[in-house]
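Numbering (the numbering used here), first residue to last: 6 to 991. One structure is given below, encoded as structure tokens.
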Amino acid sequence: MSDDDANILLEIHTSALAGMVNSPRHFARWAALAADEDHPDADLTEETFRARLVGGDDALLALWSRHLNDWDFAESPLWSPETTPRTPARRAAVYERLRLGEDLRKVLDEAVRVSVIAGPTVITREFTPWYTQERAAARSFYWRAYERKLRDKGWSDAAIASLDGASRAVVERLSNPEQPAARQAKGLVVGYVQSGKTANFTGVAAKAIDAGYRLVIVLGGTLNMLRAQTQRRIDMELIGQENILGGADASDVDSLVGIDYVGDDAEWDDFVSHGGRPSTRGSFDIDRLTTRDKDYKSLATGIRALEYDKRERTLPLHDPSNLHHAAARVMVVKKNKAVLTKLVKDLKQIHGILGELPALIIDDESDQASVNTSNPKKWEQGRTERTAINSLISQLLTLLPRAQYVGYTATPFANVFVDPSDGEDIFPSDFLISLPRPTGYMGVQDFHDLDSPVEEGERTVANSQEKAHVRGIYDSTGDRLQEAMDAFVLSGALKLYRLAAGVPEKNFRHHTMLVHESVKMDDHAKLALRINTMWHEAPQTSAPGHARLAALWESDFAAVSDARADGLPCPASYDELRQHVSRARQLIGSTGTPVIVVNGDSDRYFDQLDLDFDSSNVWKILVGGTKLSRGFTVEGLTITYYRRTTQQADTLMQMGRWFGFRPGYRDLVRLYIGREETYGRDKSADLYEAFEAVCRDEELFREQLSRYAELVDGRPQLTPSQVPPLVSQHLPWLKPAARNKMFNAELVEVRSPGQIIEPTAHPNSAVDLHHNTMLWRPLLDGFQAEREEFTYHHPATGRTYRLSALLRTLSHARLMDVLQNLRWWNAAPFAPHLEYLNSLLATPHLVDDWLLISPQHTSTTRALTASIAGSTPLALSHRQRRRVEIFGSISDPKHRATALRIAGALPHTEDAVTERHVRPRRGSILLYPVIEDAPATTIVNGTVDPAKVAMVFSLVPPVSASPNGQPVVRFRAIDSGRDAAIIETA
């Protein structure tokens, strides 16, 4: 096929697919219709189509990739409501509607694989659908421009389709901007730290503007630096060159007075271009009420700035005949009392139009400053007192009756603790959306070995996140600051090596190290001076310096990069890096010092810093505290040195600036973190362990949101007002949020049929351990004499799991005799599950029995077995608790599949042993006797002391153990005087 024929085929396919606005349709017919007039003789056979794909027609493949991903990601489409997004079943439904042959399907499946990106989790009130696919497609000017920009930035079709779906989930839950009645919706979008939340709210803004919202207010941080960062991003990727110029000629210097970016931003050419003023291209313009350099000061042209031209002057602005011809206004304002007070004051002077104006307020980092932290106990009776920013946001919502509020955060705990009954506050009463973890993102899970099936003694840099990326700071290691600085120079040299080998320069434009030890400014100055002194007294380019780097390469970076570089260029020896070390050091010390201190409280301070990631390349060591931990994106961050303690989980999580996207240097990332940091008078904290606990709190929160997001009988199981009690706390000293942000509610019951329940807070006193062991002891006599060997091949993971175990069955009543009488170090986490299990005593038809499984060692070389108070010898596990007296995960990941299958939570397996034990109303328990001290002091003559063994367990209630087969939660308010604060769900 000639190039002309290929172009004709692409043109026909483009036209045919463009006609399928709402759903896939009979492709051959639509292609024939598209070719009819201009190319009636075009070869439209599937054989030719298939040959072009196999032959590497990138343009044709890209076209089909976009459309297949759009259809794969569609949520509950009318054309296939029964299929789940991003599954082979959905793709098969698409092919059926397209009427494609089997051979072509196979080629497309191979070329455009079904994405495994998860969709957003949505907790929502019932709402009236208005943002239909037809409406979204008909008005999509700014969304399509943003979509093109993301594609130019290198986003994959799957990533764009994911963003499309996630932003749609927000917009469809806002009020219809055209509806006659004014209604406000309030929601919260939860992302991950430095994971691309700005991309989501830019997509939401684009779609909302297209749909008819005519005033968008973005609350963008508490400093001008952060506000300007957000303003530039929105200007660049959404508003675009033509709207910024406002009709001015970019080539006429005199007409550019007062216009930002042109001539002073190196990336001006990369700003979105709409091909002309949008109002001349069938759309409408966007007027900016703030610029990169100017925060909101006043409505620039007074009240006229919010005057909208109406085609039908007798009809309100929100009427469709007026709304879709009016220009939109966008402002990005600082979360500052003075700035917001000016805005509120100006809006109060405007009459009439505000009641007609569909507005959207996007609150970035919504748990910072926005939450009302005043103490209710100090309020005057019957009067709500608010903190400054919270009060001003509340006033904005009052002045704009058609305003919608959407908060964005990576640490949602403070927001969900807002009082749901306060109608003027920012509680997300309409929806809470948890965004999926993006592809390529490095988060907490990439620095911790959460539930790793690999034994600690067998972990290497290849199979352990901790060994690859984390370097602990202990009393015994010294502070390791020199090593961290050496790692910074060495990793910079490695980036330069890769740059020289052809890796794209954009990946290495910035190279930074973050040092975060204290919140005090005096400490920052001392630390910066110390780093500067070390930099000059122990240069990496001296003979001793090269020796240090060579040793660090051999002991650390060589092995990690060999295992994790994923095809990126790596030197065979340090000698190949020597030439790049000098250049790396030169770049880092280019201004005479390698250090920038980032801790000022004023905008003037930040204006003086030589720290502009947009306009210059930054290779520096950043020393700071709070200002480096919230909303501030440290580009190119490769080495982190972290030793600061805090007692709030959300604050700790926000300090995790080492999370983010690290293209081209993921294997070079290192975290030097304190493992024995003092706080208070005489307390010590393991910060690495603390981050793991925060991760578990966050993941448990997300898992529970996901569990209750499914509709039951078409209605939500859980509404946002019922979310607060789902917030958990793994570490007693690490609260989810500051005390003045927490709403008082408690979780009473969790029904979890088919879900693993794994309590970790077992007692630590000898008396309580002995008590618990003797409760379990009678059950140990009932184990059968011979082991059984289980095999389970998990269809989702493709892995095969094996388990060798002793078994016995027991009734539900007998199990509850044990569980109800166990003692705990902290009983609270297990209490809601125990309440559920106890309730099953009243419904015996839901549970027949339980299979008690005692996993045994498969290897004799390291087998540790003993009798427990005269029982048959059982396999023992040797584990250490964390510092806070709780165990990590309980069950071995290799054992869980069998337990889940026996409880009916996983599909049928071909293993006859497993299937023989499966019953419709049977639960499963994995029981692990754990010793914490050395075996020599715990096991005497083959017997373990009952006071020195913890009988830890995981259990899976049968899938049948719920009246409707769905998990349900039940809450109650602690303060009974606060009626309607929490809805009780039976």
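For every residue, glycine included, the Cβ atom is placed at its ideal position computed from N, Cα and C. All values reported here derive from a predicted model rather than from experimental measurement.
- A Cβ-Cβ contact shorter than 8 Å links residue 126 with residue 711.
- According to the DSSP assignment, residue 169 belongs to the alpha helix (DSSP H) that extends over 162 to 176.
- DSSP, reduced to helix, strand and coil, places residue 230 within a helical segment of the structure shown.
- Around the beta carbon of residue 277, a 10 Å sphere encloses 16 or more other beta carbons of the protein chains shown; the residue is thus reported as buried.
- Straight through space, the alpha carbons of residue 196 and residue 439 are spaced by roughly 6 Å.
- Approximately 7 Å separates the beta-carbon atoms of residue 573 and residue 508; this is inside 8 Å, confirming the contact.
- Cα atoms of residue 967 and residue 226: separation of roughly 46 Å, rounded to the nearest angstrom.
- A contact between stretches requires three or more CB pairs, one per stretch, nearer than 8 Å, and the stretch 172 to 186 meets this requirement with the stretch 130 to 148.
- For residue 629, the enclosing beta strand (DSSP E) covers residues 624 to 629.
- Per DSSP, the beta bridge partners of residue 934 are 956.
- The residue from 466, 470, 465, 443 with its alpha-carbon nearest to that of residue 450 is 470.
- Beta bridge pairing from DSSP links residue 409 with 365.
- Taking 8 Å as the cut-off, the Cβ atoms of residue 671 and residue 447 count as close.
- In its chain, beyond the 5 residues on either side, 466, 467, 473, 671, 672 have a beta carbon closer than 8 Å to the beta carbon of residue 569.
- Setting aside the 5 residues that flank it on each side, residue 812 is surrounded in the same chain by 788, 789, 793, 856, 857, 858, 859, 922, each with a C-beta closer than 8 Å to its C-beta; the list follows chain order.
- Secondary structure at residue 241: helix, using DSSP grouped into helix, strand and coil.
- Rounded to the nearest whole angstrom, the CA to CA distance from residue 273 to residue 211 is 20 Å.
- Per the C-alpha coordinates, the member of 129, 128, 139 positioned closest to residue 82 is 139.
- Within the same chain, and ignoring the five residues on either side of residue 663 in sequence, the residues whose Cβ sits closer than 8 Å to its Cβ are 447, 452, 519, 642, 645, 647, 674, 676.
- Going by DSSP, residue 850 is part of no alpha helix (DSSP H) at all; its letter is neither H nor E.
- Pairing residue 480 with residue 650, the inter-Cα distance amounts to about 16 Å.
- The three-state reading of DSSP puts residue 547 in coil, since its state is none of H, G, I, E or B.
- The beta carbon of residue 362 sits closer than 7 Å to those of 219, 220, 322, 405, 407, all from its chain and outside the five residues before and after it, given in chain order.
- Within the model, the alpha-carbon separation for residue 565 versus residue 715 is close to 41 Å.
- The beta carbon of residue 804 is closer than 8 Å to those of 798 in its chain, skipping five residues each way along the sequence.
- When the Cα atoms are used, residue 42 and residue 705 turn out to be separated by approximately 58 Å.
- About 5 Å separates the CB atoms of residue 47 and residue 40; that is less than 8 Å, so the two are in contact.
- In its chain, beyond the 5 residues on either side, 326, 327, 330 have a beta carbon closer than 8 Å to the beta carbon of residue 316.
- Here residue 292 is bridged, per DSSP, to 334.
- CA-to-CA, the gap between residue 66 and residue 15 works out to about 10 Å.
- Sorting 228, 357, 287 by C-alpha distance to the C-alpha of residue 299 places 228 at the top.
- Shown here, residue 25 sits in coil according to DSSP, grouped into three states, outside any helix or strand.
- Uninterrupted beta strand (DSSP E) stretches at least 3 residues long and entirely within the stretch 68 to 134 occur at 126 to 129, given in chain order.
- Taking 8 Å as the cut-off, the Cβ atoms of residue 20 and residue 146 do not count as close.
- Assigned with DSSP and collapsed to three states, residue 17 falls in helix.
- Between residue 919 and residue 795, the CB-CB gap stays under 8 Å.
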